[in-house]
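Since the structure comes first, as structure tokens, the remarks are kept for the end.
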């Protein structure tokens, strides 16, 4: 709980605590604990909240010194603060203390002491204001524990997560592990996981695990695990101890299935032995593997396969189909891979349909048809219709075919189809090469499918940390655009927010936590939530940024750079205030499309020691203020100054109907500013538009 949770200090003059009606009304309606002391340190008045905190009736406290009735720690805190105020010293605000209630519960309180002077400036009394921060302390503890686990998972680069007690005993369920091994819960708990490890490696695994427990060091190992189907798969494991107060509180680990990589290594070994003198084929395979390794998406993998079919195999057509298990069918990924003639399969090929690719998938083996006669014989034997097959061969210019299953750990992902317009002899070396190529393609397809799924998950995560919708406020129109620059399955740290304050004004902010990945996203979430809490408590921008500096120092790492622009605006009039923390200046667009960059003090990023300042920032009716992240104006080829100049230039080119609509204006700015540049960062833009007043208003 930061100091901003404390209530504002009362005015220091013109207050008479003897005015019972005024003071009693204040005390009876306040959720805070109040106590007033005379300069001698005795209670003059307390409210019921304070009386409940110390477990004594209010009338018993009045006129008594704290040391006569209260606990030693609370007495020391109160008397020390009172003496400091009487002596004219600066007394620390937000002093924390734990208090046990009559029911045995422990509550955490934040106490603030303030002097009260009479009209002549003489010290009249000392005011104590207390805020119950128990819930906030619990939230902080939960967040800290969650972050420790999250950090451990990132370090372990995990997929299958498990947790043990400090002594290595399994006490929590790991459903993913049991789903793979087929173990029951009772079989898995304690040290049951070792029973699933291959007997040959079990003793060494157990000894390595115990050595890590004794030394409190990271556990890194690899072993084979018996699966539910009684086969074995290769896993790499990494576990880290969670240490708090110099003691291990738990171990968090993760297992990664590396069977495909091991199988790929074994396959490459077989290739080395079998190809021998076929140096050219080996070089071609290596080239294909390199290209497949660079392909991130399924579309890119398919394009590589087509290129390899044309260059390495001299194939006239290449087709890729992925297996839809639910529909028991293959779905063609690329058009044009199969000639459009009578008898040819469509874009969806049921596994029951007899074709080169379905035979490869059903048999899990390559299919080679070196001539039309060979193709007809194999398709008819597989249950195909002889008349349809004959019609296809008669109308097609293809004269030889290859069908290859795409297999990953024995599981079919789809099939490849290469065809030639001339009869083709498939030698033993050709078969080895094609089988190896199919293995590399399968790994690439599996990796690309996983990448696309995780990339979508990453974008979903980043968007889930942003507001679902902007508030609808009379006299104000808000609009936002967010375009993710996330690459390689990493979330970014850009964010925006807008919300209505208690006095009806609207707070708007755009921030940027530098970096990528879960760490940046987590930092963004913490700063965004803290900013909301601070703004709803004490909304002036300078006060909010000052509070965020303290939050940042307490929760973030020094090298983590975070900037933001925060403004508070009055609906209807557009009167507002703005503060910047090392962020690019807001842009004000007039109804005539004239741009004006804010010339206010840019400030420093959060956490840097500085005196935060705010300044007037008005959005007159008909105008639009635009807050944005640096991804809009800055990239590898364009510096910040050039980007700001380009932004103003783009505004002057906007048509009148675009300038009058904040939604259209943001689309126009984002499209024009990114045109011709490769987006390498998130782009976040927030518009605050004050409409012109109408007669109905």
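Numbering (this note's numbering), first residue to last: 1 to 697.
Cβ coordinates follow ideal geometry from the N, Cα and C atoms, glycine included.
Just so we're clear, the structure is a prediction, and the values are computed from it rather than from any experiment.
Boundaries of the alpha helix (DSSP H) around residue 363: 356-363. Taking 4 residues as the shortest admissible run, the region 158-208 contains the following complete alpha helix (DSSP H) segments, listed from N- to C-terminal end: 175-181, 185-188. When the five nearest sequence neighbours on each side are left out, the beta carbons in the same chain lying within less than 6 Å of the beta carbon of residue 408 are those of 260, 442, 446, in order along the chain. Residue pairing from DSSP places residue 250 in a beta bridge opposite 242.
Proximity to residue 394 across 366, 429, 339, 411 peaks at 339, based on C-alpha coordinates. Relative to the Cα of residue 663, the nearest Cα in the group 550, 624, 507 belongs to 624.
In the three-state DSSP reduction, residue 526 falls in the helix class (H, G or I). Taking the Cβ atoms as the reference, residue 685 lies roughly 5 Å from residue 481, within the contact range of under 8 Å.
Excluding sequence positions up to five before and after residue 308, its CB lies within less than 6 Å of the CB of 288, all in the same chain and listed in chain order.
Contact between residue 580 and residue 601 holds, since their C-beta atoms are separated by about 7 Å, short of 8 Å. DSSP lists 589 as the beta-bridge partner residues of residue 595. Excluding sequence positions up to five before and after residue 412, its CB lies within less than 8 Å of the CB of 323, 361, 364, 405, 406, all in the same chain and listed in chain order.
For residue 218, the closest of 234, 254, 650 by C-alpha to C-alpha distance is 254. A straight line joining the alpha-carbon of residue 226 with that of residue 197 spans about 6 Å.
Taking the C-beta atoms as reference points, residue 189 is found nearer than 9 Å to residue 171.
Annotated as proximal: residue 48 and residue 58, with beta-carbon spacing under 9 Å. Taken through DSSP and simplified to helix, strand or coil, residue 693 comes out as coil.
For residue 348, the uninterrupted beta strand (DSSP E) segment begins and ends at 348-350. Under the DSSP definition of a beta bridge, residue 415 partners with 321, 405. Under the DSSP assignment, residue 580 falls in the beta strand (DSSP E) whose first and last residues are 576-581. Secondary structure at residue 545: helix, using DSSP grouped into helix, strand and coil. Here residue 675 is exposed: its Cβ has fewer than 16 other Cβ atoms, across all protein chains shown, within 10 Å. For the 9 Å CB-CB criterion, residue 270 and residue 432 form a contact. Here the region 582-600 makes contact with the region 560-571; the two share three or more CB pairs at distances below 8 Å. For the 9 Å CB-CB criterion, residue 334 and residue 355 do not form a contact. For residue 676, no alpha helix (DSSP H) encloses it, and the DSSP letter there is neither H nor E. Per the C-alpha coordinates, the member of 639, 578, 612, 644 positioned closest to residue 595 is 644. When the five nearest sequence neighbours on each side are left out, the beta carbons in the same chain lying within less than 7 Å of the beta carbon of residue 342 are those of 391, 392, 395, in order along the chain. Collapsing the DSSP output to three states places residue 115 in a strand. For residue 638, same chain residues with a beta-carbon under 8 Å away, outside a window of 5 residues either side, are 646, 677 in chain order. Within 10 angstroms of the beta-carbon of residue 263 lie 16 or more other beta-carbons, which makes it buried. Between the region 462-475 and the region 496-504, the count of Cβ pairs shorter than 8 Å is three or higher; the stretches touch. When beta bridges are read from the DSSP output, residue 130 appears opposite 33, 111.
Straight across, the Cα-Cα distance linking residue 539 with residue 507 is about 8 Å.
Residue 46 has 35 as its beta-bridge partners, per DSSP. Residue 692 sits exposed, since fewer than 16 C-beta atoms from the chains shown fall within 10 Å of its C-beta.
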